[in-house]
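Here's the structure we're looking at; comments come further down.
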Amino acid sequence: MEIRTPRLTLRSARPDDLKAMHAVLSDPRATRWWSTPPHDSLEQTATWLDSMIANGPDQPDFVIERDGVVIGKAGFWKLPEVGYILHPDHWGQGFAGEAVAASIDHVFGTRDVDDLTADVDPENTASIRLLERLGFVKTGFAERTWEVGGEWKDSLYYGLSRADWSARQRT
Ligand SMILES: CC(C)(COP(=O)(O)OP(=O)(O)OC[C@H]1O[C@@H](n2cnc3c(N)ncnc32)[C@H](O)[C@@H]1OP(=O)(O)O)[C@@H](O)C(=O)NCCC(=O)NCCS
């Protein structure tokens, strides 16, 4: 499965994505609000990548390539919840927005799902801005939802309906 956007290719994960994804998932800047602490071994990333691959080529969950280099992932490890992470070298250029929008288009175009969700740390400003720019609206808040590296984190919940997404595409 492969999707092309103006600057990126989104495709199913492969075993040889291990090093590039380890560079992302072992970077404490990238995992600051992630559901796990930075990976400290290649084996840990291999387990993570194996489960992404085991989801199968039809799962709308993608590694993101920029000029042939894997810079992160975006998509739905488990529908309907969106997830994305990029290596910090590639932040601030709209790549996440481009990749997440393409994966949303793909899901609404191919799946019988009407409501997408996101679970974001209230301190994760970049991720919140990204979701809101894509049209996600806040649906809730819960305290102490994730224990990561011995620290409790809260969750803001966001949602995006198929109707809202199509309305935005028309404007
Ligand atoms: C969230 C993340 C994917 C954004 O990637 P990106 O390619 O830089 O995102 P974009 O450039 O498409 O857009 C990000 C938005 O946040 C803003 N932003 C970026 N860094 C920011 C920061 N440190 N503080 C506040 N806003 C920030 C950008 O200006 C942009 O908003 P705008 O369109 O209104 O200008 C990236 O920061 C990341 O990988 N973070 C770590 C993983 C993570 O937290 N994932 C989400 C878990 S819910």
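Residue 568 in the working numbering sits at position 54 of the sequence shown, and the numbers go up by one each step.
Ideal Cβ placement from N, Cα and C applies to all residues, glycine included.
Check                                                                                                     : Outcome
Residue 568: CB within 8 Å of a non-hydrogen atom of ligand 1                                             : no
Run of the alpha helix (DSSP H) containing residue 633, from where it starts to where it stops            : Taken as a continuous stretch (DSSP letters only), residue 633 belongs to no alpha helix (DSSP H), being part of the beta strand (DSSP E) at 629–634.
Three-state secondary structure (DSSP) of residue 519                                                     : coil
Status (buried if at least 16 other CB within 10 Å, exposed otherwise) for residue 587                    : buried
Alpha-carbon spacing of residue 594 relative to residue 678, whole angstroms                              : 15 Å
Residue 608 at chain D interface by Cβ criterion, 9 Å                                                     : The displayed structure is made up of one protein chain only, and chain D is not part of it.
Residue 540, enclosing beta strand (DSSP E) - first and last residue                                      : Counting along the chain, residue 540 falls outside any beta strand (DSSP E), and DSSP gives it neither H nor E.
Separation of residue 533 from residue 527, as counted between CA atoms                                   : 12 Å
Buried or exposed (CB count within 10 angstroms, at least 16 for buried), residue 589                     : buried
Counted within 10 angstroms of its Cβ, other Cβ atoms place residue 571 as buried (16 or more) or exposed : exposed
For residue 576, three-class secondary structure by DSSP                                                  : strand
N-terminal and C-terminal residue of the beta strand (DSSP E) that residue 591 is part of                 : 583–592
Assigned exposure category for residue 680 - 16 Cβ within 10 Å defines buried                             : exposed
Opposing strand residues paired with residue 665 [DSSP bridges]                                           : 662
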